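Data block below; observations after.
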Amino acid sequence: MIQSSRFAKLTFFRGRVALYAILKALNIGPGDEVATQAFTCVAVPEGIMASGARPVWVDIEVDGYNMDAEDLRRKLTLRTRAIIVQHTYGIPADMDS
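Residue numbers for the sequence shown follow this note's numbering, so the first one is 36 and each next one is one higher.
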């Protein structure tokens, strides 16, 4: 559905559909990997798998619920095309790490 909002040009009825659309728009698909944290809702891996890509599970921080940057670095490969960062429970992830 196209809207006239200055913030949203497209709307989606489910988060997994929005993730799928974003990944397809970025030409991410079979043979590609998308890193995301293992502590997440089912919509994230379903959106990744619907695009044909493979989710790569990244551990969370010991003292929080967000992605562990060191584990992410270990799991990056030449096939990694995207990283989905989640701000779990509204706690901002350390994007600089």
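Think of the CB as a built atom: it goes at the ideal place given N, C-alpha and C, for glycine as much as any other residue.
Bear in mind the structure is a predicted one, so any value in this text is a computation, not a measurement.
Nearest-angstrom beta carbon gap, residue j and residue i [assumed within contact, 8 angstroms]
i, j, result
"V91", "A70", "5 angstroms"
Nonlocal neighbours in the same chain, by C-beta distance under 8 angstroms from residue i, ignoring five residues either side
i, result
"P80", "T71, P90"
"M84", "P90"
"L107", "A70, V93, I118"
Enclosing beta strand (DSSP E) for residue i [first to last residue]
i, result
"V52", "First-last for V52: 50-60, but that is the alpha helix (DSSP H), not the beta strand (DSSP E)."
"V69", "68-72"
"P127", "That residue, P127, is in no beta strand (DSSP E); it is neither H nor E in DSSP."
"I119", "115-119"
"V93", "89-93"
Proximal residues to residue i (C-beta, below 6 angstroms), its chain only, five neighbours per side dropped
i, result
"Y55", "G82, A85, S86"
"E68", "R89, V91, R114, T115"
"H122", "A128"
"G50", "A78"
"I118", "A70"
"V52", "none"
Range of the contiguous alpha helix (DSSP H) that encloses residue i
i, result
"P80", "78-85"
Buried versus exposed, by CB contacts within 10 Å (16 or more), residue i
i, result
"L58", "buried"
"L111", "exposed"
"G64", "exposed"
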